[in-house]
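Input: a single structure, listed below in structure tokens.
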Ligand SMILES: Cc1ncc(C[n+]2csc(CCOP(=O)(O)OP(=O)(O)O)c2C)c(N)n1
Ligand SMILES: Cc1ncc(C[n+]2csc(CCOP(=O)(O)OP(=O)(O)O)c2C)c(N)n1
Ligand SMILES: [Mg+2]
Ligand SMILES: [Mg+2]
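Residue numbers (the working numbering), protein chains in the order written: chain R, 1 to 341; chain Y, 342 to 682; chain G, 683 to 1022; chain E, 1023 to 1362.
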């Protein structure tokens, strides 16, 4: 992974500030302009709507309704059609409106997209990208708020990408589209309309490389997506208390940057894994058990996990706020970790 | 959970020896005889076939084709129909032929069965049982061999049960049917036709109580289903080498018997979690991170995990044998654990 | 309403409806309209904050259907289902409170507007997953068949939901098992921002679904007499053991997909024609003109339901949100089973 | 074969088939039959061990279909698909080796008999999930449309697969997008152990699927001239940009669901009638009687394909299984991406 790491262009503060949704749109636009084999399918993605989260805004106008295709409400057909076209060598980008709806398409995702390369002994491959919005924190209720990256991680053959900034979204989505394996690209709704600097023009970030979003010495927060700004906010508060927190944004869960996780954990000796997905049997369990195992006897405190409560996502705003991790609970957890030993 | 533990009847070696498939059949038969609200639906479950794994053999003849209903090949409709009837107060038992096919029904399982109690604030509940066969080790290939308990565990609201003996299968299935929550009951194919003593007549085992299948002092294997006999075989080999291994059969993954896991882990100080599911982001990650956390500084060695390799399940028998954990690799792992510290 | 959104040429001027029934239907429709108007008012003013899927234009369907249902009959609906919930009889107080996330709501505020349910009223599930309710409805109907009761189940869904797998599986199974379920397709011409003709080449959904071996028909879902007749027939058949029916109820979504969302992709002429012929006013005219009901009677109903809606809103606003302890209840029947 | 399993009264005695084409079809059918016979022999003797889904009785369908396909046309099939794989042109050696789990197989032994594929021959996917192949086939066909090629895609599946959601979603999408795909339903009367009439009330699948707005017809799948004509028409239309077709090909499964499984639930009379009229012998009689082909020519073909099958078996038996290093290849394009 070392060579990849060196590929990453440095961020430039003078880059134009755009939203993650616009960054997604730029990556799609670039890829479509560059390669006629790239096309987009999904529900309500054509103009004038251009996707309910606006990710495809303008693209059907620019590239036509052949390459930007509205579909019926049938996620199995959407994912399956993307798979089929990819088997023929194209690079389809499918949109599944919300991650919760992966549940209706899991057979295509897990039994087909993920397995076809292996089942054919490498004769076929599935270079698709499935973009999806991830909810939470917006009172959308139990069926429109789930973060299901753990299902994806546990399915061998799928790459899993979760950007937390507009810049990362653009660079990673571009890489997903041109990656030869199926990529699940999760766009966190509560981050989609926040601005950040994004390089103009062609811009690529390698998959499998975590990013230190804030360097620190006393404890490491391993996180991704929605919880990155929460962790950064917690780190800011704690720095005033004299606690120095490193925030490691994984960005991709598969491939997983074990090296970066272990390096930070070894440095600080204290780790908390934070995510919006349900904590129980969640994505953090893999990371926590890996760190506990590989750094056995070398940690100053047990690895903590902070994920969503074991329950469907509640509607009432007060309950929902307590359902997911957020900055104050992250800060509390780190204070306790640092108090340890 | 203590009261539950005390409910469990002791096993009696003089009980008749029957297969797990027959034990399942007895539990269904008992439940149907006792309660007219219990009925069974699924593909090919009627006589003369009586289910491809024979779990429902004789039942349509005994109870009629109203209560033992063959369905079309439509797993969403099967699970959904079970949910609907359960909302009306019945106790349906649905059969999904193989666990891999949950992928076509995940929306009904995860977005509906698991969430309806919570989403209605407790006004409705979903007392269904979904029986399914779990493959592996039989050259069924990548789409007929998966153990997907991690998806189920990560979905709040589902109970997850995986018996390893005919006796446990009978007692636990009976409890699932009369439980007021949705239960996923996984029948391991490679164990279905092995005989073991099973109490005749009404027999019930509480959910959420792990079982020490072999007591030991030096290391603990935490496991379930298929890997229980593998772990026992490894323990047997190791006992000749002077290593005393405890084999803890979880039996149910939700509810999870944390107490039993932690007690055994605290006693031996060395733990390996073994399962047929993919290791990465698998069910063992939850248990390993929980044990590492709760017994931080009190373990003699890092918690090990032994699960399936990160790949779809290969067909060729030699590869498949290396894909899953088995007795020799379990024994090796424990030897290394005991060598540790 | 025909499939191109226009008013059908002929409208039955006589009807099997009694005056009482006709007025009950009017009351239901007015309650729905009044509730929607009040919610939209509150959303516009910032008094409320929620994702609201409007039902304006679709009031006739559940009002007519529920006239043929008993309290112990079952109903399943979707996110766009407030009209169905009201018609089936969920108490207004509990309904509004749930939409506001209050502990006095049907789900103690834990479900929200997309997950209204109340088994006491027979409203068993509101789902937010397109098509997800149909298999469940087949199971509800199966329970009646197995128990030998004459309860029927009605499941509501949109035209867009006909594209998804669950719908097809449920229809095939219902036809095969001849269970007492009525598939009420509220064909409002759009699935989110996509027009019917842009998501299927099927012209008549009734024709397509007849292919499963069940009764199916297209009906003007904005005409009370037509809906009343079709629903009565289908529900009667189901109750008598005659099996399922697919009803393609032609209507029109008078609004965006959700509150606040654009309608720019909708045909403006068609939209204004539909608005000019909107079903509450249309029915009101019919009651007065064709049925000779005095306007005073209607006024009284309108005032009464508006007052009740206002009471429900006031009660919801006064109610408390669910307490933090509710985070851990209702996941399982026993809290001791939580694994976390 | 009609839907009740009997032979239809009239059978076209003339045909648009050239002698060459007729003999190629015969060769394909004989290869399929010979391969099945050899595998069954080996399974009976213990020489082979695999789950084998027999294709006896269904040979005509792919033999006739593939006569109209080019190598660069795409095909998708199921676990019960050896006949399709052979007809589409997967080399016999690689096919048999894969079924035996050898490194010389199409998938280096990692896929097995349920996951045969060979993009060189255009056989793109064999799936073990009922209905799973149809959406993928729509995507393959879409690629041809987007690229402006005249390739077509054929997807094979059983009568039982018509009950599942993916099938419905794929058909609706294919019709809407007018992609060049042919849905070949191999209607062999059973889904595992359940008869057609026991899993749907639909009588004509062609009628039902026509409801999506595409061409659909029922054809005697055991008659070469009938299948040839129907496949030719559908494939020609797709190639010319005329969109998808649903072909309900009536046939009969001459065996249990898998090798070794019971047939006790099958109607014994119907079964023996079908066996008496089994399609390889039926076609052989037709070639001799109606087409005046000499028996010697047929013998030669039969002997030749039997020898080739024997060679493939011998090669597969002699080949090595995949090495342990194969455990970690082909999961991703680069092994460095493995997270484990
Ligand atoms: C499986 C699934 N896919 C997508 C969505 C997003 N979505 C919500 S409503 C809707 C449109 C549904 O249209 P229709 O069935 O006609 O119902 P209507 O909203 O018109 O009442 C879509 C696509 C969803 N909820 N579920
Ligand atoms: C989604 C799914 N459910 C169940 C099965 C188990 N299964 C394998 S083959 C089969 C019968 C399929 O019948 P049909 O489609 O008629 O094909 P045939 O076997 O007759 O060729 C079933 C139920 C499966 N493979 N996939
Ligand atoms: Mg609609
Ligand atoms: Mg069949």
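Cβ atoms here follow ideal geometry from the backbone N, Cα and C, with glycine treated the same way.
Cβ neighbour criterion (16 or more within 10 Å) applied to residue i
i, result
"residue 692 of chain G", "Its pLDDT being 40, under 50, residue 692 of chain G is placed unreliably in this model, and the value from its coordinates should be taken loosely. So residue 692 of chain G counts as exposed."
"residue 683 of chain G", "Here the model assigns residue 683 of chain G a pLDDT of 36, short of 50, so the residue's position is not dependable and the matter cannot be decided."
"residue 225 of chain R", "buried"
"residue 325 of chain R", "buried"
"residue 203 of chain R", "buried"
"residue 981 of chain G", "exposed"
"residue 1294 of chain E", "exposed"
"residue 695 of chain G", "With a pLDDT of 44 at residue 695 of chain G, under the threshold of 50, the predicted position of this residue should be treated as unreliable, and no value is reported."
"residue 677 of chain Y", "exposed"
"residue 738 of chain G", "buried"
"residue 726 of chain G", "exposed"
"residue 685 of chain Y", "Shown here, chain Y extends from 342 to 682; a query on residue 685 of chain Y therefore has no answer."
"residue 76 of chain R", "buried"
Member of the options whose CA lies at the smallest distance from the CA of residue i
i, options, result
"residue 453 of chain Y", "Y:441, Y:518, Y:468", "Y:468"
"residue 1196 of chain E", "E:1217, E:1164, E:1211", "E:1164"
"residue 996 of chain E", "E:1048, E:1329, E:1281, E:1047", "The question about residue 996 of chain E has no answer here: the residues shown for chain E are numbered 1023 through 1362."
"residue 1129 of chain E", "R:122, R:106, R:93, R:29", "R:122"
"residue 54 of chain R", "R:102, R:180, R:193", "R:193"
"residue 536 of chain Y", "Y:506, Y:424, Y:479", "Y:506"
Euclidean distance between Cα positions of residue i and residue j
i, j, result
"residue 430 of chain Y", "residue 378 of chain Y", "8 Å"
"residue 1011 of chain G", "residue 844 of chain G", "35 Å"
"residue 1113 of chain E", "residue 450 of chain Y", "42 Å"
"residue 581 of chain Y", "residue 568 of chain Y", "20 Å"
"residue 91 of chain R", "residue 183 of chain R", "11 Å"
"residue 39 of chain R", "residue 1126 of chain E", "36 Å"
"residue 687 of chain G", "residue 841 of chain G", "Legend: pLDDT at residue 687 of chain G = 39, less than 50; position of this residue unreliable, value from coordinates given subsequently. Cα to Cα, residue 687 of chain G sits roughly 14 Å from residue 841 of chain G."
"residue 832 of chain G", "residue 143 of chain R", "32 Å"
"residue 1029 of chain E", "residue 1300 of chain E", "Per-residue confidence for residue 1029 of chain E stands at a pLDDT of 43, beneath the threshold of 50, marking its modelled position as unreliable; the derived number appears in the next sentence. Those two C-alpha atoms are separated by around 10 Å."
Ligand 1 heavy atom lying under 8 Å from the CB of residue i
i, result
"residue 1066 of chain E", "no"
"residue 760 of chain G", "yes"
"residue 625 of chain Y", "no"
beta-carbon residue i near ligand 4 non-hydrogen atom, thresh 8 Å
i, result
"residue 1230 of chain E", "no"
"residue 1220 of chain E", "no"
"residue 112 of chain R", "no"
"residue 1305 of chain E", "no"
"residue 1215 of chain E", "no"
Near ligand 6: residue i beta-carbon under 8 Å from a heavy atom
i, result
"residue 1275 of chain E", "For ligand 6, the structure offers nothing, since it holds only ligand 1, ligand 2, ligand 3 and ligand 4."
Within chain R, the residues that residue i reaches when beta carbons sit closer than 8 Å
i, result
"residue 891 of chain G", "Ordered by position in chain R, no residue passes the 8 Å Cβ test against residue 891 of chain G, which lies about 15 Å from the chain."
"residue 663 of chain Y", "Those do not exist, as residue 663 of chain Y stays about 15 Å from chain R at its closest Cβ, beyond 8 Å."
Closer than 8 Å at the beta carbon, the chain E residues around residue i
i, result
"residue 77 of chain R", "1157, 1160, 1188, 1191, 1192, 1194, 1195"
Proximal residues of chain G, C-beta to C-beta of residue i below 8 Å
i, result
"residue 1235 of chain E", "882, 883, 884, 885"
Neighbouring residues, chain R, relative to residue i (Cβ below 7 Å)
i, result
"residue 1146 of chain E", "87, 124"
Under 9 Å from the C-beta of residue i: neighbouring residues of chain G
i, result
"residue 318 of chain R", "783, 791, 1003, 1004, 1005, 1006"
Residue i: CB within 8 Å of a non-hydrogen atom of ligand 2
i, result
"residue 1160 of chain E", "no"
Contact set between residue i and chain Y, taken where Cβ atoms lie within less than 8 Å
i, result
"residue 828 of chain G", "380, 407, 408, 426, 431"
Interface residues of chain E facing residue i [CB-CB closer than 7 Å]
i, result
"residue 71 of chain R", "1195"
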